Every structure is written in structure tokens, then in C-alpha cells.
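K.L.:
Can you read through this structure? Questions will come right after.
There are 2 protein chains.
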Amino acid sequence: MHRLALTKPDGRQLTLYARRPIDGALVAPSPFPEPLNASPHLRWHPLRGEWVTYAAYRQGRTFLPPPEYNPLAATVRADNPTEVPAGAWDVAVFDNRFPSLGVPPGGGEAPPALIVPTEPARGHCEVVVFTQDPGGALGRLPLDHIELLLQVWGERTERLGARPEIQYVLPFENRGAEVGVTLHHPHGQIYAYPVVPPVPARMQEVAAAHHATHGRGPLEMLIEAERAGGERIVYAGEHAVAFVPVCARYPYEVWVAPVRAVPGFAQLTPAERADLARALKTVLLKYDGLWQRPLPYLMAWYQAPTDGRPHPESHLHAQFYPPYRTRDRLKYLAGTEIAAGLFAMDALPEDKARELQQVEVTL
Amino acid sequence: MHRLALTKPDGRQLTLYARRPIDGALVAPSPFPEPLNASPHLRWHPLRGEWVTYAAYRQGRTFLPPPEYNPLAATVRADNPTEVPAGAWDVAVFDNRFPSLGVPPGGGEAPPALIVPTEPARGHCEVVVFTQDPGGALGRLPLDHIELLLQVWGERTERLGARPEIQYVLPFENRGAEVGVTLHHPHGQIYAYPVVPPVPARMQEVAAAHHATHGRGPLEMLIEAERAGGERIVYAGEHAVAFVPVCARYPYEVWVAPVRAVPGFAQLTPAERADLARALKTVLLKYDGLWQRPLPYLMAWYQAPTDGRPHPESHLHAQFYPPYRTRDRLKYLAGTEIAAGLFAMDALPEDKARELQQVEVTL
Numbered sequence: 001m002h003r004l005a006l007t008k009p010d011g012r013q014l015t016l017y018a019r020r021p022i023d024g025a026l027v028a029p030s031p032f033p034e035p036l037n038a039s040p041h042l043r044w045h046p047l048r049g050e051w052v053t054y055a056a057y058r059q060g061r062t063f064l065p066p067p068e069y070n071p072l073a074a075t076v077r078a079d080n081p082t083e084v085p086a087g088a089w090d091v092a093v094f095d096n097r098f099p100s101l102g103v104p105p106g107g108g109e110a111p112p113a114l115i116v117p118t119e120p121a122r123g124h125c126e127v128v129v130f131t132q133d134p135g136g137a138l139g140r141l142p143l144d145h146i147e148l149l150l151q152v153w154g155e156r157t158e159r160l161g162a163r164p165e166i167q168y169v170l171p172f173e174n175r176g177a178e179v180g181v182t183l184h185h186p187h188g189q190i191y192a193y194p195v196v197p198p199v200p201a202r203m204q205e206v207a208a209a210h211h212a213t214h215g216r217g218p219l220e221m222l223i224e225a226e227r228a229g230g231e232r233i234v235y236a237g238e239h240a241v242a243f244v245p246v247c248a249r250y251p252y253e254v255w256v257a258p259v260r261a262v263p264g265f266a267q268l269t270p271a272e273r274a275d276l277a278r279a280l281k282t283v284l285l286k287y288d289g290l291w292q293r294p295l296p297y298l299m300a301w302y303q304a305p306t307d308g309r310p311h312p313e314s315h316l317h318a319q320f321y322p323p324y325r326t327r328d329r330l331k332y333l334a335g336t337e338i339a340a341g342l343f344a345m346d347a348l349p350e351d352k353a354r355e356l357q358q359v360e361v362t363l
Numbered sequence: 364m365h366r367l368a369l370t371k372p373d374g375r376q377l378t379l380y381a382r383r384p385i386d387g388a389l390v391a392p393s394p395f396p397e398p399l400n401a402s403p404h405l406r407w408h409p410l411r412g413e414w415v416t417y418a419a420y421r422q423g424r425t426f427l428p429p430p431e432y433n434p435l436a437a438t439v440r441a442d443n444p445t446e447v448p449a450g451a452w453d454v455a456v457f458d459n460r461f462p463s464l465g466v467p468p469g470g471g472e473a474p475p476a477l478i479v480p481t482e483p484a485r486g487h488c489e490v491v492v493f494t495q496d497p498g499g500a501l502g503r504l505p506l507d508h509i510e511l512l513l514q515v516w517g518e519r520t521e522r523l524g525a526r527p528e529i530q531y532v533l534p535f536e537n538r539g540a541e542v543g544v545t546l547h548h549p550h551g552q553i554y555a556y557p558v559v560p561p562v563p564a565r566m567q568e569v570a571a572a573h574h575a576t577h578g579r580g581p582l583e584m585l586i587e588a589e590r591a592g593g594e595r596i597v598y599a600g601e602h603a604v605a606f607v608p609v610c611a612r613y614p615y616e617v618w619v620a621p622v623r624a625v626p627g628f629a630q631l632t633p634a635e636r637a638d639l640a641r642a643l644k645t646v647l648l649k650y651d652g653l654w655q656r657p658l659p660y661l662m663a664w665y666q667a668p669t670d671g672r673p674h675p676e677s678h679l680h681a682q683f684y685p686p687y688r689t690r691d692r693l694k695y696l697a698g699t700e701i702a703a704g705l706f707a708m709d710a711l712p713e714d715k716a717r718e719l720q721q722v723e724v725t726l
């Protein structure tokens, strides 16, 4: 992996990654001349016992720009800068101009004094450009390009997780207008949180209790059982696996994971990383092959917290949530899902797994 | 409150409620001649530590029926039965024909044997028809009709909660195509769960810890602080209050509650119920007045669990989640909300409260 770290004119960081050496003379562009001046804050939710982050300046952020402007495409004309330079790179990571988390050097504005506890919204939000091809897709990248991305996610997690204020690093991709995506150039995001957020906190708690009882985490045991049965398996390699989980909460939900309970991207062996790339590409091609059109989804990668403590219960994996329940019907999250948190499924995971198994793909 | 309990030809229960006496000769219709034969099951999610319910037969349920057929309108012709009879009633409650929870008498089919624990999906799902007017709205009903509905929710909670298998009763309304609603006749639902579901379970846990420390629940203290400041108040009566909470997770989120920490609908005094109806109607009229069109929302009413234990920490209240962040932009739940559970807000609750305060309404 080759990398080049640059600073944008507005002070934000840009790092380019490539399979081959990168020209050291590249310069980081920015569509924004002025330094970012954002001070999001957290408010405590006293009924749910969790933080909520407020960033009112984000209301002015980029929204479905006209097709002639793509801020994630390489800059062609210096008088019309985008977020990334032209040049031979494969993956680019830069600081989000509209962060929900992250305070400026010096601390920024003090959070407002309110009737609940408030804090500066420490943390960090990054954008990850998966490819220079605006019409491409993560699943159509070559395997060694996807392997590079897995390395990049590992490197970002290590760098962000090393900051004392960062407790959890979540790489994710929102794909498709159906999940609210405003820029269609293939890209994801990384949120680095100053707390372990509610969903991974709950999963860590459950996994730790399981590990204390069984000496292994729940995902390692589930993977063993899914592989033994095979009914819901979408990809089974030597080191990596993909399946519709027996407890899927979305009709086309799929999990992708290394077989070994690896805590995060940075701890994958090269052979594990290569097989995980094959598992990931297989799922993505099956998704797009299902109805011969790009399937929208939320993809989230769960890792161990970066709180400095050992987490033998953690097991790196992706959860994919596509919003469709059939070719032309969305699954809406409504009363029981949103208000109660108890998901109701009209489809059986076994049936949806069979549909995905029948989609043939070539890696 | 007057009530008439009936049984439909397919065995489902229908109860009619009215402010005036009901004709005892009314007969319960059903669009379905055959008894319901549904056996949903629960599967344990070993990573999240929660149940998911599966009801595959629901895929065939009613979906945006043609305008000439409204199953929630009163039956006009005996050869075209709907779910409710013609006659002088105000609110109707009947067993959902497509329940996510509820097993037939005798237990139904055994749940499948799988690699995670499974259970029959005990519980109960009801539909609540708010009015006979298919073009009406909850917020446009007269105050005494809304008071009747609050009584009905109380009665249903008491009846369902008295069943030994029911641990939690959640009345809610999904309103608008934007939240997936398939029938536009004003109606809500009641889910009666065999467990305290994840979201209320978390809120109960947080409230119990707060009550142990402060001698009061967190909502009672928050209401006191919101009323003292007034900045986010939408309705302030002697016994009931509505406000955009300081920790809102949706731009137009509003909570409606009695001032006193009443555990559930059935424990409201008549004066509290009357004022709660005024608070509820005020919020609903302000919502529809905001952009002079029906505002979609999810409305959920949280009460004490019906697990037979005392819950001094519980405080009846509604949380409203409208899916819009501006007049023409939806708020999508994506990476940080769905995958991490940490909500990011672009709008400040103080600004949204001001917008709602400025909408004038006449009760």
C-alpha cells in the first residue's frame, strides 16, 4: 500500500492511497477556500441515556448537485476545484467539510448551557472515495483494489483510534437515493466517535457476556453453525464467509466476516484480507445481479472499540441492510421497529438466502 | 364510555366504543370468511440480544387498495364486507388480520428448530379505527372524541396487559405514505408484546436508575425544566404539556405528556385526560398547519410495562417522529442513526419549536 498525506487549502487533511507509488508532487484541492468553522455539540438524552449530536450549519451542505459538478471526481480545472486531485491514486480519504462530529483546533465554540448535559461534539468524520470512476461501484472494483480499501479502513481505524478522545471507529456506506444519498460517486464514510455509540455498545455488552460464558464471541459460534448448515450461506471461503443471518431484521440483510474472530481490519492477515475481499465482492455482485440494477443498502463495519482495553469478544464484520423487501416495495421502519425496537419480518431469511444463492457472479 | 364487544365471522374480536349508547343489535363483519391461521415465530438475535418476529404469510397483506375499497369504512353492502359495521360508534378496535404477534388458540404451528433459540410469537396486534370519516384526521376530531380514544387506549392496555403472556402494550400511529402507510383511513395500531421490547426496556432501565437516585423519573424532571424555560414549549396546560424536547432526534419531534408521572392511560384522572386531549389536538393541528398539508409522522405512546411489577419510574407520554427535516426534504436514517444508534441533527430543537409555536390553531 502506498500513501500520500496532503493538506487542503482550507486546512482539511487528504490522504491518497494506491497499489502503486504515488506522485509526490500532487496538491490537495478544495471547493472551499475558507477554513472550516464548525462547532457541533452533544446533548444528553435523559430518557434513552445516550448522546445526540447537533450541527446546525450542516443544513447548507451539498445536496444532489447538478450532474456537471461532482465534488468527488478528480479536479480538471484549477478554477473549479473538487475534493481530490487528478493523478494515479485508487482510494482517497479526506475530512468531511460538513462534520457531525469534530471540533476545531483550540476547541471551537463552547456548547450551549441547557437543561440537559452538553459537551463539544469531539470525534471525526471522514469521506472515503472508493475509486476515481464516478460511474463505478464498490462491487465492480478489482479484488486487489478492494483489498486495498480493507487496508485503508484498517489504517484509518488505527490512526483515528489512537487519538485519546476516540472510542469507536465505524466505516460505512450509504448507497442509493432510497437511503438518502446525495452524491452518487462511489464513496463511503468513517465516523470516529468520542463514545461507544448505543448499537455497538449493546453488541459489545452482549458479546462480552457470551464470551465470559462460552470462551468465544457469539458471532464466531454463529458463523460455525451457519457454515455447518449452509442453508443461508452466500459465500464460504477458507478465511471469510457471507450469509443471510438466521435472525435477519431486513429481508436482504447479509453479514460478511472473517471466519476467525479478528477484532478489526488492522489485525487481518493478508490471506484473510484477500478472502474477505472475495466475500465482499461476491455479495455486492449478487446484490446488483438480483434485479439487474444497483441495489441500495446501508453497509456498516463493526470492529472492537478503540478505548485502549482488550476486546476478545469483538469480531470484525459487516452488516448490510438493503431497504427493499421485494423488487418494487420498500421496507419501512415504522411503529414496532422504530418505537419498540422489535423488528417484524414478512420474509424468511431462508427464502431470501436462496434468492441470493441463485444469482451467479464472476469475481 | 360505551362499548359493545362482538366476534367476527372469522373468529376475530371487534369492540366498538362510543360517547353515546351503542345499538346492541350491530353485527361484526369481516372481509375474510375463513378463520385466521397464522403462527408467527420469534428468533433470538445473538449479537443484539433481542427477539425478531417472523410472519411470512404477511407478504399477502392489503397494500394500497384501490380507492373504491376501504376496509376501515363502515360496511354498506353485506356482499362487500369491511372490518367495521355501519352504526353509531366513534372508535373501533379489532384483531389485526395480519398479525406480527399472536398465536391461535391451541398454540398453532411449532416454531422451526434453528441454530438460535426460537419461540412462538405470543402477543397480540390490534387495529384502532379513530373515526368513521375516511377523510378525517385524529387532530380534527372533537376534544371529547379524542378523550374517548385516550380511554380506549387505557382500556385496551388494561385488558391486554392482564394476560399473563403480555409484558408491554404500545399504542402507535403511522401516518402518511412517507412512513409506509397503506391505508389512509385514520387509524392506529396496538402491539402487545410478550417481552418488554428493546427501546422501552432501555428507557425503563434508564428511568429506574434515575428514580433510584433522584426519587423521580427523568421525564418528570425534564417536563419541570422545559416548563420553567418555556423556549421549546408547544402546549402548556394545567395537567398536560407538549414540547420539542431539548434532546430531539428528529427535527419536528414533539413529546406530549401529563405533567404528573402517571404510569399509563388507565391511571389518568378525568381532568388530566381532558387536558392531555387538548395537548394532543394542539400538536396535531400545529403539525398540519405548519405547511398547510397533513404532516406524516410516527406517534408512539410509552407506558409502564404490564409485567405485574410496580413501575414508579414510568411516565406515560407520546413521542412524535415526523420524517421531514424541511418542507421538501426527508430526514433519512442512515449510517450513524441505524448502524451506530447515535443520531445526528442538522436542526436545533429551539428553532423547530419556534416554527411550531408560530402556527396558530383553534381547538
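So the sequences go chain by chain: F and P. In terms of my numbering, the first sequence is residues 1 to 363. In terms of my numbering, the second sequence is residues 364 to 726. Every residue, glycine too, gets a C-beta built ideally from N, C-alpha and C. Computed from a predicted structure; not experimentally measured.
1. Based on Cα-Cα distance, which residue from Glu34/F, Arg3/F, Ile22/F lies nearest to Pro9/F?
2. Quick one: what does DSSP say Gln376/P is sitting in, helix, strand or coil?
3. Tell me where the alpha helix (DSSP H) around Pro349/F begins and ends.
4. Excluding the five sequence neighbours on either side, which residues of its own chain have a C-beta within less than 6 Å of the C-beta of Gly578/P, listed in chain order?
5. Rounded to whole angstroms, what's the CA-CA distance from Ala318/F to Ala228/F? Just pull it up for me.
6. Sort Ala451/P, Ala441/P, His674/P, Phe457/P by Cα distance to Thr370/P and report the nearest one.
7. Residues of chain F with CB under 9 Å from Thr416/P, in chain order?
8. Could you tell me if Asn37/F is buried or exposed, where buried requires 16 or more neighbouring beta carbons within 10 angstroms of its beta carbon?
9. Sort Ala388/P, Ala419/P, His408/P, Phe395/P by Cα distance to Glu350/F and report the nearest one.
10. Please go through the same chain and pick out, in chain order, the residues whose beta-carbon is closer than 6 Å to the beta-carbon of Phe426/P, but skip the five residues on each side of it.
11. Helix, strand or coil: how does DSSP classify Leu6/F here?
12. In terms of alpha-carbon separation, which member of Val254/F, Ala201/F, Val169/F, Pro71/F lies closest to Ala353/F?
13. Would you call the stretch 261 to 268 of chain F in contact with the stretch 659 to 671 of chain P, where contact means no fewer than 3 C-beta pairs closer than 8 Å?
14. Give the range of the beta strand (DSSP E) segment to which Ala300/F is assigned.
15. Within 8 Å, do at least three Cβ pairs link the stretch 327 to 335 of chain F to the stretch 543 to 559 of chain P?
16. When you compare the CB positions of Gln552/P and Glu536/P, do they come within less than 9 Å of one another, or not?
17. Assess, as a yes-or-no matter, whether the stretch 82 to 101 of chain F is touched by the stretch 119 to 126 of chain F under the definition of 3 or more beta carbon pairs within less than 8 Å.
18. Here's the rule: buried if 16 or more other CB atoms are within 10 angstroms of the residue's CB, otherwise exposed. What is Leu661/P?
19. For Val91/F, list the residues DSSP reports as bridge partners.
20. On the CB-based measure, 16 or more other CB atoms within 10 Å of its CB, does Glu446/P come out buried or exposed?
21. According to a CB-to-CB cut-off of less than 8 Å, which residues of the stretch 495 to 516 of chain P neighbour chain F?
22. Check each candidate in Arg690/P, Tyr417/P, Ala572/P, Ser393/P and name the one with the smallest Cα separation from Ala436/P.
23. Along chain F, in chain order, which residues have C-beta atoms closer than 9 Å to that of Tyr695/P?
24. Does Gln357/F get closer than 9 Å to chain P when you measure Cβ to Cβ?
25. Compare the C-beta of Phe63/F with all C-beta atoms of chain P and state if any pair is closer than 9 Å.
26. Would you call the CB atoms of Gly580/P and Glu676/P closer than 9 Å?
27. Step through the CB atoms of chain P and report whether any lies within less than 9 Å of the CB of Ile166/F.
28. With a cut-off of 8 Å on the beta carbons, I'd call Cys125/F and Trp407/P a contact; round off their distance for me.
29. In or out: Gly139/F buried (at least 16 other Cβ within 10 Å) or exposed?
30. Does any residue of chain P bring its CB to less than 9 Å from the CB of Asp351/F?
31. Measure the C-alpha to C-alpha separation of Met203/F and Asp670/P and round it to an integer number of angstroms.
32. Within 10 angstroms of the Cβ of Gln369/F, are there 16 or more other Cβ atoms? Answer buried if so, exposed if not.
33. Helix or strand or just coil, what does DSSP make of Met1/F?
34. Can you check whether the C-beta of Glu518/P is within less than 9 Å of a C-beta belonging to chain F?
35. What is the DSSP secondary structure of Trp291/F, reduced to helix, strand or coil?
36. Taking all protein chains shown into account, do 16 or more other C-beta atoms lie within 10 angstroms of the C-beta of Pro71/F, making it buried, or fewer, making it exposed?
P.N.:
Taking the geometry as given:
1. The residue you call residue 9/F lines up with position 9 of the first sequence. The option with the nearest alpha carbon to Pro9/F is Glu34/F.
2. Along the second sequence, read from residue 1 onward, the residue named residue 376/P stands at position 13. DSSP places Gln376/P in strand when its eight states are reduced to three.
3. Position 349 of the first sequence, counted from the start, is the residue given in the question as residue 349/F. 349 to 357 is the span of the alpha helix (DSSP H), which, as asked, contains Pro349/F.
4. Mapped onto the second sequence, residue 578/P falls at position 215. Nothing meets the Cβ criterion.
5. Here residue 318/F is taken as the residue at index 318 of the first sequence, counted from 1. Here residue 228/F is taken as the residue at index 228 of the first sequence, counted from 1. When rounded, the distance between both Cα atoms is 20 Å.
6. Working through the second sequence from its first residue, we reach residue 370/P at position 7. Comparing Cα-Cα distances from Thr370/P to each of Ala451/P, Ala441/P, His674/P, Phe457/P, the minimum goes to Phe457/P.
7. Position 53 of the second sequence, counted from the start, is the residue given in the question as residue 416/P. Within chain F, the residues near Thr416/P are Thr336, Leu342, Phe343, Ala344, Met345.
8. Sequence index remark: in the first sequence, residue 37/F carries index 37 (1-based). Asn37/F is exposed by the Cβ-count criterion.
9. For this step, residue 350/F is matched to residue 350 along the first sequence. Among Ala388/P, Ala419/P, His408/P, Phe395/P, the Cα nearest to that of Glu350/F is on Ala419/P.
10. Along the second sequence, one-based indexing puts residue 426/P at 63. Note that Phe426/P has pLDDT 48, beneath the 50 cutoff, so the model's placement of it is unreliable and no number is given.
11. Taking the first residue of the first sequence as position 1, residue 6/F is located at position 6. Here Leu6/F sits in strand by DSSP.
12. Against the first sequence, residue 353/F aligns to sequence position 353. Measuring from the Cα of Ala353/F, the nearest candidate turns out to be Val254/F.
13. no
14. Residue 300/F sits at position 300 when you count from the first residue of the first sequence. Counting along the chain, the beta strand (DSSP E) containing Ala300/F begins and ends at 297 to 302.
15. yes
16. As a position in the second sequence, residue 552/P is number 189, starting the count at 1. As a position in the second sequence, residue 536/P is number 173, starting the count at 1. Yes, the pair counts as a contact, with Cβ atoms nearer than the cut-off.
17. yes
18. As a first step, residue 661/P must be located in the second sequence, where it is residue number 298. With 16 or more other Cβ atoms within 10 Å, it is buried.
19. Start at 1 with the first residue of the first sequence, and residue 91/F comes out as number 91. The partner list for Val91/F (beta bridge, DSSP) reads Tyr17/F.
20. For the purposes of this step, residue 446/P is taken as residue 83 along the second sequence, with counting starting at 1. Per the 10 Å Cβ criterion, buried.
21. none
22. Taking the first residue of the second sequence as 1, we reach residue 436/P at position 73. For the residues Arg690/P, Tyr417/P, Ala572/P, Ser393/P, the minimum Cα distance to Ala436/P belongs to Ser393/P.
23. Taking the first residue of the second sequence as position 1, residue 695/P is located at position 332. The answer, in chain order, is Asn174, Glu178, Val179, Gly180, Val181.
24. Against the first sequence, residue 357/F aligns to sequence position 357. Against chain P, the CB of Gln357/F has no partner CB under 9 Å away; the residue lies outside that interface.
25. Stepping through the first sequence from its first residue, residue 63/F is reached at position 63. For Phe63/F, the predicted structure reports a pLDDT of 48, less than 50, and the residue's modelled location is therefore unreliable. A value from the coordinates is still provided. So, interface residue.
26. The residue you call residue 580/P lines up with position 217 of the second sequence. The residue you call residue 676/P lines up with position 313 of the second sequence. Against a cut-off of 9 Å, the Cβ pair of Glu676/P and Gly580/P comes out as a contact.
27. On the first sequence, position 166 is the one that residue 166/F refers to. It does not; no Cβ of chain P falls within 9 Å.
28. Taking the first sequence and counting its residues from 1, the one referred to as residue 125/F is at position 125. Taking the second sequence and counting its residues from 1, the one referred to as residue 407/P is at position 44. About 34 Å separates the two Cβ atoms, so there is no contact after all.
29. Here residue 139/F refers to the residue found at position 139 of the first sequence. Looking at its Cβ environment, which holds 16 or more other Cβ atoms inside 10 Å, Gly139/F is buried.
30. One-based indexing of the first sequence puts residue 351/F at position 351. Taking Cβ atoms only, chain P reaches closer than 9 Å to Asp351/F, which makes this a yes.
31. Stepping through the first sequence from its first residue, residue 203/F is reached at position 203. Stepping through the second sequence from its first residue, residue 670/P is reached at position 307. Roughly 25 Å between the two C-alpha positions.
32. No answer is possible for residue 369/F: it lies beyond the span of chain F, which begins at 1 and ends at 363.
33. Position 1 of the first sequence, counted from the first residue, corresponds to residue 1/F. In the structure shown, Met1/F sits in coil (DSSP, three-state: anything other than H, G, I, E or B).
34. For the purposes of this step, residue 518/P is taken as residue 155 along the second sequence, with counting starting at 1. Chain F, which has no Cβ nearer than 9 Å to the Cβ of Glu518/P, makes this no.
35. Stepping through the first sequence from its first residue, residue 291/F is reached at position 291. Three-state DSSP puts Trp291/F in coil, outside helix and strand.
36. Taking the first sequence and counting its residues from 1, the one referred to as residue 71/F is at position 71. Classification of Pro71/F: buried, given that the 10 Å Cβ count is 16 or more.
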